[in-house]
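I have placed the structure first, in the form of structure tokens, so that the comments after it can refer back to it.
Residue numbers (this note's numbering): 30 to 1013.
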């Protein structure tokens, strides 16, 4: 039965096992059949083009729909991410990486945080050359054409065709266009090469943007072939409508855009399933629910929020162990599908993770094959299921069938429990072609829903994909206020979304972020995203084609087929940060003769703890962790000693980074830290240190003392303590200043920008003066420098130090790792509280969702406030909480109905915001709407709270917030030293 002209939408999902399709009439979405005119499911063909053509022909025959009735075809695929997950060298091209960075990032080379197996396949060459920008848009150095041409010869000699160019702060480079200029040089020197600009792939965050760009480059030849093969059936059938590809957020890409940026499709499979699920149950439920998509090879589980959109992962996403910084749905995958191979093992059975995949109709028992699959055992358990030849599975013993059913139930309940952030039951929505293997009841599910058409939910999600656009720009606020500039950017992004094919009246702004740039006058970064329903009458309905080229022979001729292997060797396609394979309960750190020798497991936990103690500031320790891990892997030794073991005459030096966290995630560390130390001691201004101590334990600087101590230039132990017990925005907010036993603590002092500029200050009238002078210089030196302070004595250290804070970081991080390992993130705050002294020393102040963030810039520091609202289902907390911050969180204020505020906690006590989904800290630059968070309060050291001077310097008055009265959160308990507990 034909329908109205140019109304119908076709969605097709090309999976590793099945190709699904639907023809859908959006105008009939509220009718019982949900507007679904026809649907199709069949095994994926070796050439996806054949499967797509078969799906189209089948659905046209079912419905008598004509090609001219179709407004558009949208295709979703897991093709590219499967190639990465499977580490398939026939589908991943080697990549050369050219960094435009000058002297920076030398300690964190490309793919430093990748799994070794995929790194060996993908990374073919890398080089650091001149180039890069400072955060204010000034040059680190201009690019050198001859230098880039020289690298081109190296790349040519290695036969590499795919090249990534990444420049420091390239996403805000609108003046020098260094990446674009470098690309022109490379394309002229290496005709036919595939050049990827990092700024087109992702935003600020150098390592994560580089990782995404490298993966994108590696699959470019495969993407061009595959997407061209997707478009061919439409041409053969005489269809004149455009072909789109779904991307990670459930919106569309044109074919040519997907061929340039295939990485944007990596999460489209799970997203399509969840969006399709939302479409199928619209009007039936208003609550969040768990979507369990059971395919032929894997089961993907994600949370569908009441808004109809998937719950997003935390600030960073990982695929196949590679960390990237674009938003993706939070999905957990396990090796359970309709084609999973079943093996009998004594009285029990083992399911997967390998699968017969798209060969199920020839290899499964019920279809005449000889491989027992989950579908075979499901039919044996329920002979009423009319699939294949039931007689071929009647030999399976009843007890084995029961054991199989129990194992399926266990696997599904386990992965659902892993995705939950609390033990409460919630609805579970089953979709996908493999839903027949799932039971009708599951532990942890308030009810199990199997809607009609659930087997093709992913195709439905593709058909209903929306249009979106994002504008990410830096604007001057000198002649205009932030509000008016935001309105200007919003208007721009809405128009871009309409121009991209969205209905005008359906466009809504779904994400707004305003980020003042620290230490830069009158500059703010604006990120605004809008989305809208597809306009079937849009003037952009023109098919974007992917050009034919000669270079595609770089990938195996089978590359456009499905996976040649029957198993994806992974337990988690989109994984969390890898956890060391250690038994946390039995693990003992190495402490010999009262010296703690740091291991990789210790390092991971310390890093997590440092960011939590950063109370929103201090910058992410991630890049510092990688530097420190490389030291360990290269055979370096990192030693930590107890401050109580210091001799009075010992000399304890100090060093670390100073400046903007935004800079530290983009301009990765060079030699500025050690250059500052060398300058200080090389001038003979002070005797050399015998030990090193971190300025602050919070954030990246919490690791910096250990990195410096382990360097070949110093090779000295690090003291288990610091001068803050947290992170503070200024040097004068330290415990040595509180004790005031010296006129100045931080003189002599040096700072280096790592780019040939060093400043030394030999004396000053106060530490406040030191701070002011260095802050003024800091803005001229790229807003991030390495500092070295003259040493203090062991006797002074023992009086001033906040003790055992490396130990405290270790304990906090271990608690988070243990909660993750047991899949009980809902208890992570309680576990941390136990480590910092118990309920008298720390407490959960609030739980909820971020509903508002405001930021402004004053004297180089980012001031702002975040608003957190309690969830509807939360019984313990109600209302809203406001957290003002100056780089770090200052206070937690309950907002009363009458407009008044009540102080729940304030500095110097610690206020940390944790991601409720993984237990890790969220820094103030990472605050964004929609994040589910836990606000944790911890009591400060008595070094801060035992005197009025300490409270004045570290409390609200130190942040010019005299209206907030400090009220102790609890009783401080000194952290237990790892050395004292585990010393041998």
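Beta carbons are placed, not taken as given, at the ideal position from N, Cα and C, and that holds for glycine.
Rounded to whole angstroms, the separation of the alpha carbons of residue 841 and residue 630 is 13 Å. Look at residue 262 here: in three-state DSSP terms it is helix. By DSSP's assignment, residue 68 forms a beta bridge with 51. Around the C-beta of residue 324, 16 or more other C-beta atoms lie within 10 Å, and the residue is accordingly described as buried.
Within the stretch 742 to 827, the runs of beta strand (DSSP E) that reach at least 3 residues and sit entirely inside it are, in chain order, 747 to 751, 778 to 781, 787 to 790, 813 to 822. Cβ-Cβ distances below 8 Å link residue 983 to 757, 762, 767, 936, 937, 969, 973 in the same chain, with the five nearest sequence neighbours on each side left out; the list follows chain order. Taking 8 Å as the upper bound for CB-CB distance, residue 401 and residue 371 are in contact here, some 5 Å apart. Less than 9 Å separates the beta-carbon of residue 259 from that of residue 78. Relative to residue 44, the option among 91, 110, 100, 52 whose CA is nearest is 110. Just so you know, the alpha carbons of residue 475 and residue 955 end up roughly 34 Å apart. Around the beta carbon of residue 992, fewer than 16 other beta carbons lie within 10 angstroms, which makes this residue exposed. If you look at residue 625, you'll find it in the beta strand (DSSP E) that goes 624 to 626.
DSSP places residue 514 inside the alpha helix (DSSP H), whose first and last residues are 511 to 528. The residues 419, in chain order, have a CB closer than 6 Å to that of residue 412 in the same chain once the five nearest residues on each side in sequence are set aside. In this structure, the straight-line span from the alpha carbon of residue 775 to that of residue 759 is close to 12 Å. The count of Cβ pairs closer than 8 Å, one atom from the stretch 689 to 708 and one from the stretch 800 to 820, reaches three, so the stretches are in contact. Here residue 121 carries a coil assignment [DSSP, helix/strand/coil].
Contiguous beta strand (DSSP E) elements confined to the stretch 911 to 978 occur at 920 to 924, 930 to 935, 939 to 944, 961 to 967, taking only those with 3 or more residues. According to the DSSP secondary-structure assignment, residue 402 is paired through a beta bridge with 370. Residue 559 and residue 487 have their C-alpha atoms some 23 Å from each other.
With 16 or more neighbouring CB atoms inside 10 Å of its own CB, residue 720 falls in the buried class. DSSP, reduced to helix, strand and coil, places residue 273 within a strand of the structure shown.
Looking at the DSSP output, residue 319 shares a beta bridge with 332, 457. Per DSSP, the beta bridge partners of residue 501 are 556. Residue 269 and residue 484 have their C-alpha atoms spaced approximately 28 Å apart. Residue 162 and residue 709 have their C-alpha atoms roughly 27 Å apart. Judged by DSSP secondary structure, residue 149 falls within the alpha helix (DSSP H) whose first and last residues are 145 to 151.
The C-beta separation of residue 967 from residue 919 comes to about 15 Å, leaving the pair out of contact by the 8 Å criterion.
Around the Cβ of residue 516, a 10 Å sphere holds fewer than 16 other Cβ atoms; the residue is exposed. With at least 16 other beta carbons inside 10 angstroms of its own, residue 50 counts as buried. From the listed residues 843, 96, 646, 183, the smallest Cα separation to residue 941 is found for 646. For residue 383, the enclosing beta strand (DSSP E) stretches over residues 377 to 384.
Judged by beta-carbon spacing, residue 327 lies beyond the 9 Å limit of residue 282, meaning their Cβ atoms are not closer than that value.
Within the stretch 628 to 707, the complete alpha helix (DSSP H) segments at least 4 residues long are 629 to 642, 651 to 662, 690 to 693, listed from N- to C-terminus.
Under the 10 Å beta carbon count, residue 666 is surrounded by fewer than 16 other beta carbons and is classified as exposed. At a Cβ-Cβ threshold of 9 Å, residue 154 and residue 183 count as neighbours.
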